[in-house]
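Numbering (my numbering), first residue to last: 761 to 995. A short write-up of the structure that comes next.
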């Protein structure tokens, strides 16, 4: 009963995003919050990934349901290392473990937001024609689908990081330092996450057979693809 109460308290701290509770979990060497965040990432990101890939084929939906949580966890690991170096430079002394846990908490929030977006994404995917003679990769409908799903991911990522601001403020004891750290973490999440996203391709790429990793994964970049889709949409 006591163990159940402790687990419930960890979930309560996470859902409320209370800086006092989360700060205590960061200081203690306790893996329960970490594993809860990993489960939250899988539970939230997998349905959204399935929705993204379903537009191309059900098998692609299965692949993306695996790849999107993997992308989030890999980005968390990379940014945990990066942020543990950036935070002390900006006035917040965090260890790698504390930085990784904080980043994982933010991505867990983001993944749950993505999970909430899954029905909206499914509606958009359902009403976007598949690749046919009428809908090509250069069609504005295809570009709109890509950009909409990417905007949902960006929004979820930003909101997940913003939820950490009270915690960063408590740890730093200075609102300006907390904001600087938050902006630095957002920039790191954007650049590293987008490139891992490009390699794993957890979004729509039609015109080739269904694969787990698309052809030429290191060719091009995420920003070029977004800019090209935006040009097609506005043309």
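Glycine is no exception: its CB is placed at the ideal position from the N, C-alpha and C atoms. All values reported here derive from a predicted model rather than from experimental measurement.
Assuming residue i and residue j are in contact, meaning their beta carbons sit under 8 Å apart, how far apart are those beta carbons, in whole angstroms?
i	j	result
residue 869	residue 919	7 Å
residue 916	residue 874	5 Å
residue 928	residue 911	That pair is no contact at about 25 Å.
residue 979	residue 903	Not confirmed; about 20 Å, so no contact.
residue 909	residue 989	The Cβ separation is near 11 Å, so there is no contact.
residue 825	residue 847	Contact flag wrong, Cβ pair sits at about 33 Å.
residue 816	residue 970	7 Å
residue 957	residue 982	6 Å
Tell whether a beta-carbon distance below 8 Å holds between residue i and residue j.
i	j	result
residue 794	residue 952	no
residue 798	residue 833	yes
residue 944	residue 938	no
residue 823	residue 881	no
residue 872	residue 888	no
residue 859	residue 843	yes
Give the single residue among the options whose Cα lies nearest to the Cα of residue i.
i	options	result
residue 900	930, 995, 981, 796	995
residue 867	792, 932, 923	923
residue 850	792, 774, 935, 796	935
residue 925	957, 852, 791, 845	852
residue 973	775, 821, 791	821
residue 774	864, 955, 878	864
residue 877	861, 913, 862, 890	913
residue 861	818, 985, 879, 921	921
residue 890	845, 985, 792, 818	818
Inter-stretch contact (C-beta, 8 Å, three-pair minimum) for the stretch 819-830 and the stretch 788-807: The stretch 819-830 makes contact with the stretch 788-807; the number of CB pairs closer than 8 Å reaches 3 or more.
Quick test of the definition: if touching needs 3 or more C-beta pairs under 8 Å, does the stretch 837-845 touch the stretch 941-950? The answer is yes - the stretch 941-950 touches the stretch 837-845, with three or more Cβ pairs under 8 Å.
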